[in-house]
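Down below is the structure, laid out as structure tokens.
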Amino acid sequence: MNLEESIEIAVQGCDAELYDIVTTKEHDRNIFRIYVTAPDGISLDKCAEISRMISPILDIEEPMHGNYNLEVSSPGIERKLKKPQHYKASVGENVRVKDFNKDIVKGKLTFADENEIKVSTDHGEEIISYDEISAASTYYEW
Numbered sequence: 003m004n005l006e007e008s009i010e011i012a013v014q015g016c017d018a019e020l021y022d023i024v025t026t027k028e029h030d031r032n033i034f035r036i037y038v039t040a041p042d043g044i045s046l047d048k049c050a051e052i053s054r055m056i057s058p059i060l061d062i063e064e065p066m067h068g069n070y071n072l073e074v075s076s077p078g079i080e081r082k083l084k085k086p087q088h089y090k091a092s093v094g095e096n097v098r099v100k101d102f103n104k105d106i107v108k109g110k111l112t113f114a115d116e117n118e119i120k121v122s123t124d125h126g127e128e129i130i131s132y133d134e135i136s137a138a139s140t141y142y143e144w
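If you count the sequence shown from 1, you need to add 2 to reach our numbering.
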């Protein structure tokens, strides 16, 4: 079992789902960030509970060399879409999709399966396969 699988089991044990794991560096600090979701939302207490469950796992399987900060949070209303399940869970939301030519498609995500997505734009419906996408995220019209 790898580290991600161990984390996923711990998160599920807290009645939540693992959304993504991101490692980054901010202001000379290493950050190991875990994004989680739940049908009834993610509270600060739920993040603390998940953090307590994950910490012993990270003590055994250190995710980053040296010191790091563990952060557990919701992916937020505007979140990156990386996996087919991210897209499937976001059907009905506004998305911004960039392809490898740096062209951007913005609109409502109307369909997602294991191979492609459909986005309804002002110019019609765009069908985009996952292998054409360089980056994608949901966005909220403020």
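For each residue, glycine too, the CB sits at the ideal point set by N, CA and C.
Exercise. Within 10 angstroms of its Cβ, does Thr-26 collect 16 or more other Cβ (buried), or is it exposed?
Worked result: exposed
For this session: Within the segment 91–120, note down every full beta strand (DSSP E) run reaching 3 residues or more, in order along the chain.
Result: 96–101 and 106–114
Exercise. Which partner residues of Leu-20 appear in the DSSP bridge assignment?
Worked result: Val-38
For this session: Return the chain-ordered ranges of every alpha helix (DSSP H) run that is complete within the segment 46–79 and spans a minimum of 4 residues.
Result: 46–62
Exercise. Around the C-beta of Tyr-142, are 16 or more other C-beta atoms found within 10 angstroms, so that it is buried, or is it exposed?
Worked result: Exposed, by the Cβ-count rule.
Problem set entry | Host alpha helix (DSSP H) of Glu-6 (start-end) | Its alpha helix (DSSP H) spans residues 5–14.
Problem set entry | Bridge partners - Arg-28, DSSP secondary structure assignment | The sequence given here places Glu at residue 28; Arg does not occur at that position. The partner list for Glu-28 (beta bridge, DSSP) reads Arg-31.
For this session: Could you round the C-beta distance between Ile-33 and Glu-63 to whole angstroms and report it? I think they count as a contact, below 8 Å.
Result: About 17 Å separates the two Cβ atoms, so there is no contact after all.
For this session: Sort out for me which residues DSSP pairs Lys-82 with in a bridge.
Result: BP columns for Lys-82 point to Ser-139.
Problem set entry | Cβ separation of Arg-31 and Val-24, assumed to be a contact under 8 Å, to the nearest whole Å | Not confirmed; about 14 Å, so no contact.
Exercise. Among the residues of its own chain, which have a CB less than 7 Å from the CB of Ser-57, if the five just before and after it don't count?
Worked result: Leu-72
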